[in-house]
Amino acid sequence: MKNENLYRKLARLAVTRGVNVQKGQPLVVRADVRDYPFIEMVAEEAYLAGALYVDVRWRDQKIGKMDYLYQDQETLSSIEDWIHEREVKAHEKGVCYLSVISDMPGAMKDVPSEKIHAYQKAYHEKMGDTQAYTMNNIGQWCVIAVASKEWAKIVFPELDEEEAFEKLEKVLFEVSGVTEENDPLEYWIHHDEKLIDHAEKMTAFRFRELHFTNSLGTDLHVGLVEDHLWAGGGCTTPKGVYFDPNIPTEEIFCMPHREKVEGTVVSSRPLSYNGVVIENFTLRFEKGRVVEYHAEKEEETLGQLLSFDEGSSHLGEVALVPHSSPISQSGILFFNTLFDENASCHLALGRPYPENIRGGEEMSAEELYAKGGNSSLQHEDFMFGNGDMSVDGIMYDGTVVPVMRNGEFVIG
Ligand code: ZN
Ligand code: ZN
37 MKNENLYRKL ARLAVTRGVN VQKGQPLVVR ADVRDYPFIE MVAEEAYLAG
87 ALYVDVRWRD QKIGKMDYLY QDQETLSSIE DWIHEREVKA HEKGVCYLSV
137 ISDMPGAMKD VPSEKIHAYQ KAYHEKMGDT QAYTMNNIGQ WCVIAVASKE
187 WAKIVFPELD EEEAFEKLEK VLFEVSGVTE ENDPLEYWIH HDEKLIDHAE
237 KMTAFRFREL HFTNSLGTDL HVGLVEDHLW AGGGCTTPKG VYFDPNIPTE
287 EIFCMPHREK VEGTVVSSRP LSYNGVVIEN FTLRFEKGRV VEYHAEKEEE
337 TLGQLLSFDE GSSHLGEVAL VPHSSPISQS GILFFNTLFD ENASCHLALG
387 RPYPENIRGG EEMSAEELYA KGGNSSLQHE DFMFGNGDMS VDGIMYDGTV
437 VPVMRNGEFV IG
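Under our numbering, the first residue of the sequence shown is numbered 37, with each subsequent residue one higher.
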């Protein structure tokens with residue numbers, strides 16, 4: 037295997053820092069069959085770290101597409117009880133989850149979008165009560181990515197297959213903080229410290245709202261819930277286990293008030309949603325809700341995203357990322373949220389992270405909702421930051437504090 041040393045380091049990082057699997061704790065890995073050699077390393081590293089067992093849930097993107105094409109809608113949307121039961125049992129055992137992504141963006145574009153929608157809706161409805169396990173950080177979870185030829189072809193269409201793959205592979209290692217020379221663990225400890233420090237500074241301002249403007253046409257007021265907490269870097273479970281849910285991560289993020297978002301936001305990067313790429317879109321908000329939307333490509337899919345459930349036309353996350361982040365500076369469009377969201381200020385439609393409000397992880401769904409938190413079965417990030425983004429923080433007494441100018445932090 038080429039670059040074996042780098043893959044080994046990434047596997048160890050994913051296991052010991054990403055999910056930070058504890059001695060005697062089970063690990064569930066979600067991965068595509070194309071990544072078998074890497075997943076073998078992940079499993080070995082997990083066992084060396086003391087995992088009780090490693091349960092690999094294999095998928096295959098091509099067969100996944102066939103499932104959509106050949107199964108009728110009714111079959112697609114009947115999710116078996118045992119699938120729900122398996123997760124409930126896994127949570128009782130205190131598992132942690134690692135997802136390894138290498139999907140080809142846009143792979144599902146010829147699948148009728150009603151079918152994808154029907155399956156996703158049925159799946160999220162069936163599994164709804166199990167989502168709190170990761171959304172509330174009860175157990176550790178982590179998403180990482182490795183290059184694939186199919187993905188590389190989309191990112192670097194001008195290169196031949198081999199060159200494209202090698203280039204994507206190289207940049208993914210770099211932005212994930214894995215190099216031949218470094219200790220990735222040390223890199224991430226240091227990197228997280230900076231993000232946590234930044235988040236704490238933002239929290240201390242106790243802003244009522246943020247005001248975003250840029251040359252793309254965004255002019256958006258995002259009200260924040262009271263007692264909000266900015267977060268960034270890693271998270272800690274109730275048992276005190278620290279973990280990094282995303283590798284890489286460059287964002288600090290907070291909880292918008294469900295009903296206090298006004299104005300227009302223009303996307304700055306394409307959004308890959310259920311394997312379909314939505315491009316150049318605009319959303320207009322009134323009282324927190326999207327009341328108008330347009331997209332140059334895949335407008336129908338955007339409409340389905342917004343009408344998924346009541347909460348999917350309201351915001352659940354607002355995140356700040358400086359334009360100078362390494363992922364942004366790479367200039368590469370990854371067509372993958374894990375990377376693209378770390379290149380740009382972003383918003384998420386749907387479910388909020390309870391960690392973004394004081395005491396949120398102990399609140400019931402009703403309590404969170406009463407505080408202005410959104411409620412939805414999905415959480416979809418989209419990017420709207422760029423190099424001339426201005427962000428002001430507005431305090432409860434009306435004081436305006438410049439937070440970002442030209443895409444860079446100007447506070448703290
Ligand atoms: Zn985010
Ligand atoms: Zn998000």
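A virtual CB, placed ideally from N, CA and C, is assigned to each residue, including glycine.
- In chain order, A235, M238, T239, I288 and C290 place their CB closer than 6 Å to the CB of W266, counting only its own chain and leaving out the 5 sequence neighbours on each side.
- The DSSP-derived three-state label of M144 is coil.
- Around the C-beta of E353, 16 or more other C-beta atoms lie within 10 Å, and the residue is accordingly described as buried.
- For the stretch 176 to 263, the continuous beta strand (DSSP E) assignments of 3+ residues that do not extend past its boundaries occur at 177 to 181, 245 to 249 and 255 to 260, in sequence order.
- Within 10 angstroms of the beta-carbon of N218 lie fewer than 16 other beta-carbons, which makes it exposed.
- Per DSSP, the unbroken alpha helix (DSSP H) holding G339 starts and ends at E335 to L342.
- Under the 10 Å beta carbon count, S361 is surrounded by 16 or more other beta carbons and is classified as buried.
- A distance below 8 Å separates the beta carbons of I430 and F243.
- Under DSSP, C381 shares a beta bridge with no residue.
- For W118, no beta strand (DSSP E) encloses it; the enclosing alpha helix (DSSP H) starts and ends at D117 to E128.
- Between S380 and the set I115, V64, D424 and H415, the nearest pair of CA atoms involves D424.
- When distances are taken from the beta-carbon of D376 to the heavy atoms of ligand 2, even the shortest one reaches 7 Å or more.
- Inter-residue distance for V124 and T166 is about 7 Å (C-alpha atoms, whole angstroms).
- C132 is the residue among C132, V92 and V301 whose C-alpha sits nearest the C-alpha of C178.
- Taking H120 as the centre and dropping the five residues before and after it, the same chain places the C-beta of K162, M163 and T166 closer than 8 Å to its C-beta, in chain order.
- For H359, there is no enclosing alpha helix (DSSP H), as DSSP marks it with neither H nor E.
- Between N378 and V357 a beta carbon distance of about 6 Å is seen, short of the 8 Å cut, so the two are scored as contacting.
- DSSP places M171 inside the alpha helix (DSSP H), whose first and last residues are A168 to M171.
- By the C-beta criterion, the stretch 272 to 279 is judged not to be in contact with the stretch 334 to 345, since fewer than 3 inter-stretch pairs fall below 8 Å.
- Looking at F241, K189, A47 and T170, the one whose alpha-carbon comes closest to that of I447 is F241.
- Cβ contact annotation for S251 (same chain, cutoff 6 Å, sequence separation greater than five): D424, in chain order.
- In this structure I152 is buried. Its beta-carbon is surrounded by 16 or more other beta-carbon atoms within 10 angstroms.
- Cα atoms of L112 and V439: separation of roughly 46 Å, rounded to the nearest angstrom.
- Per the coordinates, the alpha-carbon of S366 lies some 22 Å from the alpha-carbon of I314.
- DSSP, reduced to helix, strand and coil, places T373 within a helical segment of the structure shown.
- Taking 8 Å as the cut-off, the beta carbon of A181 is found no closer than this to the beta carbon of L221.
- Rounded to whole angstroms, R95 and E334 show a C-alpha spacing of 26 Å.
- By the CB criterion at 8 Å, R325 and H359 fall outside the cutoff.
- Residue burial annotation: T285 is buried, with at least 16 other C-beta atoms found within 10 angstroms of its C-beta.
- Between the C-alpha atoms of A79 and N41 there is a straight-line separation of about 16 Å.
- V78: member of the alpha helix (DSSP H) spanning Y72 to L84, first to last residue.
- In this structure, S411 is the residue among K407, E391, M77 and S411 with its C-alpha nearest to the C-alpha of L385.
- Rounded to whole angstroms, the gap between the alpha carbons of H226 and T300 is 36 Å.
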